[in-house]
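Chemist:
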Ligand code: LRH
Ligand code: MN
Ligand code: MN
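Residue numbers (the numbering used here): 71 to 469.
#1: Confirm, please, whether the CB-CB distance from residue 292 to residue 276 is below 9 Å.
#2: Taking a cut-off of 7 Å, which residues have a beta-carbon closer than that to any heavy atom of ligand 3, in chain order?
#3: Are the CB atoms of residue 429 and residue 399 within a distance shorter than 9 Å?
#4: For residue 335, count neighbouring C-beta atoms within 10 Å of its own C-beta (all shown protein chains included) and say buried if the count is 16 or more, exposed if not.
#5: Whole angstroms is fine: what's the gap from residue 240's alpha carbon to residue 204's?
#6: Report back the beta-carbon spacing between residue 375 and residue 100 to the nearest angstrom; my notes put them in contact at under 8 Å.
#7: May I ask you to check if the CB of residue 293 is nearer than 8 Å to at least one heavy atom of ligand 2?
#8: Taking contact to mean 3 or more Cβ pairs, one atom from each stretch, closer than 8 Å, check whether the region 354 to 368 and the region 86 to 101 are in contact.
#9: Out of 360, 327, 431 and 347, which one is the CA nearest neighbour of residue 338?
#10: In this structure, how does DSSP classify residue 319 when only helix, strand and coil are distinguished?
#11: To the nearest angstrom, how far is the alpha carbon of residue 246 from that of residue 447?
#12: Would you give the residue range spanned by the alpha helix (DSSP H) that residue 351 belongs to?
#13: Among 72, 231 and 211, which has the Cα closest to the Cα of residue 150?
#14: Buried or exposed: residue 353, going by 16 or more other Cβ atoms within 10 Å of its Cβ?
#15: Using 9 Å as the threshold, is the C-beta distance between residue 397 and residue 77 below it?
#16: Taking the alpha carbon of residue 83 as the point to measure from, which residue in 382, 394 and 433 has its own alpha carbon closest?
#17: Can you find a heavy atom of ligand 2 that lies under 8 Å from the Cβ of residue 220?
#18: Assuming residue 209 contacts residue 217 (C-beta within less than 8 Å), just tell me the rounded distance between them.
#19: Can you give me the C-alpha to C-alpha distance between residue 224 and residue 415, rounded to a whole angstrom?
#20: Closer than 8 Å to a non-hydrogen atom of ligand 1 - does that hold for the CB of residue 77?
#21: For residue 410 and residue 256, what's the separation of their Cα atoms in angstroms?
#22: If I measure Cβ to Cβ from residue 261 and keep anything under 7 Å in the same chain, skipping five residues before and after, which residues do I get?
#23: Between the C-alpha atoms of residue 351 and residue 313, what's the straight-line distance to the nearest angstrom?
The structure is reproduced here in structure tokens:
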């Protein structure tokens with residue numbers, strides 16, 4: 071193959087992957103959010119889980135790449151028990167999207183001051199496990215595959231609690247929840263270095279998550295939230311390792327300059343996102359049946375929410391397109407020959423490609439407007455929600 075035919079073949083293959091790529095958006099990103107100093111309310115923000123789905127449907131309509139929406143319980147609690155959630159799932163489908171992962175929340179009740187599943191008090195642990203099991207009931211009703219677990223559990227002061235005992239309590243809770251999962255359900259265990267615990271977090275890193283998942287079985291997978299590491303951590307190495315072990319279950323994409331900033335993915339460090347997506351590609355994670363959930367976990371504190379989520383989906387698409395354009399043969403040859411600069415050059419050539427025209431073509435071939443941001447702006451949806459959504463209480467991060 072000549073160089074240009076090989077490039078064309080890569081482009082055709084990339085387009086096929088990009089056309090079926092899907093990125094799950096988080097219900098909470100549509101609501102008001104802020105820092106611990108201030109939440110700036112925006113007009114037109116959803117007041118109910120259904121209105122969040124209405125907004126998520128807009129993101130999918132304009133990108134064609136965001137067909138599922140993650141729930142957070144109790145932020146998205148609905149009346150009527152399992153039937154209520156089945157109705158919510160039916161409503162989502164009417165709007166052209168589906169419900170995705172169920173995110174559990176054992177970090178907001180006063181009872182959880184000293185931890186949830188690792189709390190020294192067995193009654194608090196029972197309450198936390200009860201919530202996690204309720205989340206699986208909700209998954210049964212919505213048809214969701216993944217239970218996302220993030221524990222804020224940890225300690226603030228040396229000696230506050232026994233670090234080993236806390237691991238035992240965590241393992242026991244995870245075993246109970248794992249045993250409740252159906253054949254087609256999974257748990258994805260998220261780690262985070264610090265915050266809100268400032269001395270020791272009970273699931274601080276991928277190794278801890280991986281070790282617990284290994285003991286549980288194949289339905290337990292690691293969730294990599296890109297904002298949850300120490301500065302300078304090589305996240306793509308973690309991705310490569312977990313994929314090689316068959317334990318990378320999900321991403322929570324966002325970007326950060328300092329800590330868990332939850333900014334738009336690809337905004338702070340698009341090169342890192344590209345490197346991560348290259349390792350995803352290398353490890354087979356872009357195959358249709360890879361089972362990896364590509365989710366956003368972001369908060370739009372000062373920028374308009376729906377367009378910010380559209381932009382985030384586009385940022386993931388752009389990084390994916392660049393990762394797909396890497397000439398794998400040339401890369402492997404340069405690596406075999408030990409040609410450091412040529413190998414690095416192959417990666418940089420792909421990274422420096424302007425993939426926006428390619429993505430415009432992909433969208434046009436899918437019958438979409440090539441410019442999702444402009445199309446959303448022109449649609450009038452934003453004006454409509456500002457006018458219609460008056461009264462009631464706007465949804466917010468944590469409500
Ligand atoms: C914790 C986290 C986790 C929560 C979400 C709201 O920092 O990343 O995924 O569920 O934020
Ligand atoms: Mn997260
Ligand atoms: Mn986070």
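Every residue, glycine too, gets a C-beta built ideally from N, C-alpha and C.
Modeler: With the given structure in hand:
#1: Indexing the chain shown from 1 puts residue 276 at position 206. Indexing the chain shown from 1 puts residue 292 at position 222. A contact, by the Cβ cut-off of 9 Å.
#2: My final list is 262, 295, 297, 298, 322, 330, 332 and 367.
#3: Taking the chain shown and counting its residues from 1, one reaches residue 399 at position 329. Taking the chain shown and counting its residues from 1, one reaches residue 429 at position 359. No.
#4: On the chain shown, position 265 is the one that residue 335 refers to. With at least 16 other beta carbons inside 10 angstroms of its own, residue 335 counts as buried.
#5: In the chain shown, residue 240 corresponds to position 170, counting from 1. In the chain shown, residue 204 corresponds to position 134, counting from 1. A direct Cα-to-Cα measurement between residue 240 and residue 204 gives close to 18 Å.
#6: On the chain shown, residue 375 is found 305 positions in, with the first residue counted as 1. On the chain shown, residue 100 is found 30 positions in, with the first residue counted as 1. The pair is a contact, with the Cβ atoms about 6 Å apart (cut-off 8 Å).
#7: One-based indexing of the chain shown puts residue 293 at position 223. True, at least one ligand heavy atom lies under 8 Å from that Cβ.
#8: Two segments are said to touch when three or more pairs of C-beta atoms, one from each, lie closer than 8 Å; by this definition the region 354 to 368 touches the region 86 to 101.
#9: In the chain shown, residue 338 corresponds to position 268, counting from 1. When only C-alpha atoms are compared, the closest one is 327.
#10: Stepping through the chain shown from its first residue, residue 319 is reached at position 249. In this structure, residue 319 counts as strand in the three-state DSSP scheme.
#11: For the purposes of this step, residue 246 is taken as residue 176 along the chain shown, with counting starting at 1. For the purposes of this step, residue 447 is taken as residue 377 along the chain shown, with counting starting at 1. One Cα belongs to residue 246, the other to residue 447, and the distance between them is close to 47 Å.
#12: For the purposes of this step, residue 351 is identified with residue 281 of the chain shown, where counting begins at 1. Its alpha helix (DSSP H) spans residues 340 to 352.
#13: The residue labelled residue 150 in the question sits at position 80 within the chain shown. Looking at the Cα atoms, 211 is the closest of the given residues.
#14: The count along the chain shown starts at 1 and reaches residue 353 at position 283. That one is buried.
#15: In the chain shown, the residue the question calls residue 397 occupies position 327. In the chain shown, the residue the question calls residue 77 occupies position 7. Contact check for residue 397 against residue 77 passes: the beta carbons are separated by less than 9 Å.
#16: In the chain shown, residue 83 corresponds to position 13, counting from 1. Nearest in C-alpha terms to residue 83, of all of 382, 394 and 433, is 394.
#17: Taking the first residue of the chain shown as 1, we reach residue 220 at position 150. Yes - ligand 2 has a heavy atom lying nearer than 8 Å to the Cβ of residue 220.
#18: For the purposes of this step, residue 209 is identified with residue 139 of the chain shown, where counting begins at 1. For the purposes of this step, residue 217 is identified with residue 147 of the chain shown, where counting begins at 1. Rounded to whole angstroms, the Cβ separation of residue 209 and residue 217 is 6 Å, and the two are in contact under 8 Å.
#19: Residue numbering aside, residue 224 sits at position 154 when the chain shown is read from its first letter. Residue numbering aside, residue 415 sits at position 345 when the chain shown is read from its first letter. One C-alpha to the other measures close to 44 Å.
#20: Within the chain shown, residue 77 is the residue found at index 7, counting from 1. Relative to ligand 1, even the nearest heavy atom lies 8 Å or more away from the CB of residue 77.
#21: Along the chain shown, one-based indexing puts residue 410 at 340. Along the chain shown, one-based indexing puts residue 256 at 186. Rounded to the nearest angstrom, the two C-alpha atoms are 40 Å apart.
#22: Mapped onto the chain shown, residue 261 falls at position 191. Taken in chain order, the residues that qualify are 273, 274, 275, 276, 278, 279 and 298.
#23: In the chain shown, residue 351 corresponds to position 281, counting from 1. In the chain shown, residue 313 corresponds to position 243, counting from 1. Whole-angstrom Cα-Cα distance: 10 Å.
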